[in-house]
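Numbered according to my numbering, the sequence shown spans residues 436 to 528.
Just so you know, even glycine gets a beta-carbon here, dropped at the ideal spot from N, CA and C.
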Amino acid sequence: MTSKSLSIPSTISAGTTPKPRFLETFARRALLSRLSRITNGEITLHDGDTQQRFGRVTAQCPLRVTVTVTNPRFYTDTAFGGSIGAGEAFMAG
Numbered sequence: 436m437t438s439k440s441l442s443i444p445s446t447i448s449a450g451t452t453p454k455p456r457f458l459e460t461f462a463r464r465a466l467l468s469r470l471s472r473i474t475n476g477e478i479t480l481h482d483g484d485t486q487q488r489f490g491r492v493t494a495q496c497p498l499r500v501t502v503t504v505t506n507p508r509f510y511t512d513t514a515f516g517g518s519i520g521a522g523e524a525f526m527a528g
């Protein structure tokens, strides 16, 4: 059995920054609430001039990622689409 190395990007960026709509603002609040419960691993979220950090690096999960949000649609895609929505938001830029 061979061991394969997995490459995980440490920074994700997407799109340009239009003004958020009501649904995007609602989704942002819901997603930030969910992220605030992270205990293992660390996510740093950059959104405009704001930076928020969720979780912390632990021995159980030494992973750290930075997400730069440049389009508020990221929040609706991620909050309502889960990991697939987050992936689609990344692909959409």
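In chain order, E459, A462, R463 and L466 place their CB closer than 7 Å to the CB of Y510, counting only its own chain and leaving out the 5 sequence neighbours on each side.
Inclusion of A494 and R508 in the CB contact set at 8 Å is not warranted, their separation being larger than that value. Nearest to P497 by alpha-carbon distance, out of P455, T474, I519 and G483, is T474. In this structure, DSSP gives T511 a helical state, which the three-state scheme calls helix.
Between I478 and V500, the C-beta gap is smaller than 8 Å, which places the two residues in contact. Following the DSSP letters along the chain, one finds R463 inside the alpha helix (DSSP H) bounded by residues F457 to L470. Contact annotation: S468 and F489 have beta-carbon atoms that are not nearer than 8 Å. In this structure, the alpha-carbon of D484 lies about 14 Å from that of K454.
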